[in-house]
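Participant: This structure is in structure tokens; I'll ask about it shortly.
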Amino acid sequence: DTGVSQNPRHKITKRGQNVTFRCDPISEHNRLYWYRQTLGQGPEFLTYFQNEAQLEKSRLLSDRFSAERPKGSFSTLEIQRTEQGDSAMYLCASSFDREDTEAFFGQGTRLTVV
Amino acid sequence: AQSVAQPEDQVNVAEGNPLTVKCTYSVSGNPYLFWYVQYPNRGLQFLLKYITGDNLVKGSYGFEAEFNKSQTSFHLKKPSALVSDSALYFCAVRDDSGGYQKVTFGTGTKLQVIP
Chain A
1 DTGVSQNPRH
11 KITKRGQNVT
21 FRCDPISEHN
31 RLYWYRQTLG
41 QGPEFLTYFQ
51 NEAQLEKSRL
61 LSDRFSAERP
71 KGSFSTLEIQ
81 RTEQGDSAMY
91 LCASSFDRED
101 TEAFFGQGTR
111 LTVV
Chain B
115 AQSVAQPEDQ
125 VNVAEGNPLT
135 VKCTYSVSGN
145 PYLFWYVQYP
155 NRGLQFLLKY
165 ITGDNLVKGS
175 YGFEAEFNKS
185 QTSFHLKKPS
195 ALVSDSALYF
205 CAVRDDSGGY
215 QKVTFGTGTK
225 LQVIP
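Residue numbers (my numbering), protein chains in the order written: chain A, 1 to 114; chain B, 115 to 229.
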């Protein structure tokens with residue numbers, strides 16, 4: 001399977017714990033995006049990488065959130081001191097380095113904070 | 115600011131009938147428009163996009179969409195619905211001045227195809 005891969009698919013954690021999600025993009029894609037999706041809503045942009053550089057962050061990405069893409073390949077999204085409001089589906093997507101491109105999404109990681 | 119509206123939370127259609135899922139948008143420049151489909155507990159699958167050119171865009175699984183600049187719409191259509199088309203459909207838009215990270219998604223329309 002050469003699509004975008006996300007792990008884990010599901011994560012249940014206690015409030016206050018830290019969690020980390022991993023995304024492996026399509027190998028030819030330079031650009032990588034993280035989104036959050038809550039029930040009844042479309043995906044909301046969190047952050048964007050071009051190769052290893054994090055070029056843009058949304059206001060939704062509070063100080064408790066951090067994302068990395070150290071070698072320009074896979075990326076991790078960490079949430080520290082999780083809160084119940086962090087419960088959501090976290091989606092990763094990747095695309096070619098072209099302005100007219102679409103992005104391809106992974107299957108997401110569903111986070112439940114209890 | 116750009117925005118996208120999907121005025122119907124749910125669309126019901128009988129199997130074999132044509133389907134339409136509506137989308138209207140607002141951008142300051144030229145629009146780049148996208149449709150995605152999402153099955154339960156899954157990520158979004160790309161269906162089609164309009165960047166420039168013919169107003170009628172054909173995509174995956176027999177779907178097509180018509181770009182109408184005067185009505186600022188990009189409705190998704192299929193001539194004959196299948197039960198397997200039942201899913202959540204998202205329209206998305208950005209203007210031509212930024213990259214994909216500038217895309218705004220609608221709130222989604224649930225399509226229910228009735229056997």
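Cβ atoms here follow ideal geometry from the backbone N, Cα and C, with glycine treated the same way.
1) For residue 32/A, which of 13/A, 14/A and 6/A has the nearest alpha-carbon?
2) For the beta strand (DSSP E) holding residue 178/B, just list the boundary residues, first then last.
3) For a contact defined as C-beta to C-beta under 9 Å, what are the partners of residue 90/A on chain B?
4) Should residue 28/A be flagged as near chain B, meaning a C-beta pair shorter than 8 Å?
5) Who are the neighbours of residue 68/A on chain B, taking C-beta pairs under 9 Å?
6) Would you mind stating whether residue 112/A and residue 12/A have Cβ atoms separated by less than 8 Å?
7) Would a check of beta-carbon distances place residue 52/A closer than 8 Å to chain B?
8) By how many angstroms is the C-alpha of residue 200/B removed from the C-alpha of residue 44/A?
9) Could you work out which residues of chain B lie near residue 43/A, taking near to mean beta carbons separated by less than 8 Å?
10) Are there 16 or more other CB atoms within 10 angstroms of the CB of residue 227/B, so buried, or fewer, so exposed?
11) Comparing alpha-carbon positions, which option in 168/B, 187/B, 162/B and 185/B lies nearest residue 175/B?
12) I'd like to know if residue 107/A contacts chain B, where contact means its C-beta is closer than 8 Å to some C-beta of that chain.
13) Decide yes or no for the touch test of the segment 78 to 98 of chain A against the segment 185 to 194 of chain B: beta carbon pairs closer than 8 Å, at least 3 of them.
14) Using a 10 Å radius around the Cβ and a threshold of 16 neighbouring Cβ atoms, would you call residue 206/B buried or exposed?
15) Given a threshold of 16 other Cβ atoms within 10 Å of its Cβ, counted over all protein chains shown, does residue 99/A qualify as buried or as exposed?
16) Would you please verify whether the beta carbon of residue 163/B is less than 8 Å from any beta carbon of chain A?
17) Within its chain, find whatever has a CB closer than 6 Å to the CB of residue 38/A; leave out the 5 residues flanking it on each side and keep chain order.
18) Please confirm whether residue 75/A and residue 29/A have their CB atoms less than 8 Å apart.
19) So is residue 153/B buried or exposed if we call it buried at 16+ other beta carbons inside 10 Å?
20) Nearest-angstrom Cα distance between residue 2/A and residue 110/A?
21) For the segment 185 to 215 of chain B, which residues have a beta carbon sitting closer than 7 Å to at least one beta carbon of chain A?
22) With a threshold of 6 Å on Cβ separation, who are the neighbours of residue 56/A within its own chain once the five nearest residues in sequence on each side are excluded?
23) Does chain B have any CB closer than 8 Å to the CB of residue 40/A?
24) Rounded to the nearest angstrom, what separates residue 106/A and residue 158/B at their Cα positions?
25) If you run the structure through DSSP and keep just helix, strand and coil, what is residue 198/B?
Facilitator: Judging by the given coordinates:
1) Translated into positions along the first sequence, residue 32/A becomes position 32. Of the candidates 13/A, 14/A and 6/A, the one whose C-alpha sits nearest the C-alpha of residue 32/A is 6/A.
2) Indexing the second sequence from 1 puts residue 178/B at position 64. 178 to 182 is the span of the beta strand (DSSP E), which, as asked, contains residue 178/B.
3) Residue 90/A sits at position 90 when you count from the first residue of the first sequence. Ordered by position in chain B, no residue passes the 9 Å Cβ test against residue 90/A, which lies about 10 Å from the chain.
4) Along the first sequence, read from residue 1 onward, the residue named residue 28/A stands at position 28. Residue contact with chain B for residue 28/A: absent (no Cβ-Cβ distance below 8 Å to any residue of chain B).
5) Indexing the first sequence from 1 puts residue 68/A at position 68. Those within 9 Å of residue 68/A in chain B number zero; the least Cβ separation is about 17 Å.
6) Translated into the one-based positions of the first sequence, residue 112/A becomes position 112. Translated into the one-based positions of the first sequence, residue 12/A becomes position 12. Between residue 112/A and residue 12/A, the CB-CB gap stays under 8 Å.
7) Residue mapping note: residue 52/A aligns to position 52 of the first sequence, counting from 1. No, residue 52/A lies away from the interface with chain B (no Cβ there is under 8 Å from its Cβ).
8) Position 44 of the first sequence holds residue 44/A. Position 86 of the second sequence holds residue 200/B. Rounded to the nearest angstrom, the two C-alpha atoms are 23 Å apart.
9) Within the first sequence, the letter at position 43 stands for residue 43/A. Correct list: 158, 204 and 219.
10) Numbered from its first residue, the second sequence carries residue 227/B at position 113. Flag for residue 227/B reads buried.
11) Translated into the one-based positions of the second sequence, residue 175/B becomes position 61. Out of 168/B, 187/B, 162/B and 185/B, 162/B has the C-alpha closest to the C-alpha of residue 175/B.
12) To locate residue 107/A, count along the first sequence from 1; it is residue 107. It does: the Cβ of residue 107/A has a partner Cβ on chain B nearer than 8 Å.
13) no
14) Position 92 of the second sequence, counted from the start, is the residue given in the question as residue 206/B. So residue 206/B ends up on the buried side.
15) Walking along the first sequence from the start, residue 99/A turns up at place 99. Counting of Cβ neighbours within 10 angstroms places residue 99/A among the exposed residues, the total staying below 16.
16) By one-based count along the second sequence, residue 163/B stands at place 49. For residue 163/B, at least one C-beta of chain A is nearer than 8 Å to its own C-beta.
17) Numbered from 1 along the first sequence, position 38 holds the residue referred to as residue 38/A. Contacts found: 88.
18) On the first sequence, position 75 is the one that residue 75/A refers to. On the first sequence, position 29 is the one that residue 29/A refers to. It is not a contact, given that the beta carbons lie outside the stated cut-off.
19) Residue mapping note: residue 153/B aligns to position 39 of the second sequence, counting from 1. Looking at its Cβ environment, which holds fewer than 16 other Cβ atoms inside 10 Å, residue 153/B is exposed.
20) In the first sequence, residue 2/A corresponds to position 2, counting from 1. In the first sequence, residue 110/A corresponds to position 110, counting from 1. Taking the straight line joining both Cα atoms gives about 21 Å.
21) 204, 213, 214 and 215
22) Mapped onto the first sequence, residue 56/A falls at position 56. Excluding positions up to five away in sequence, the list reads 48.
23) As a first step, residue 40/A must be located in the first sequence, where it is residue number 40. Chain B, which has a Cβ nearer than 8 Å to the Cβ of residue 40/A, makes this yes.
24) Along the first sequence, one-based indexing puts residue 106/A at 106. Along the second sequence, one-based indexing puts residue 158/B at 44. Each residue's alpha carbon lies about 7 Å from the other.
25) As a working mapping, residue 198/B is identified with position 84 in the second sequence. Helix at residue 198/B.
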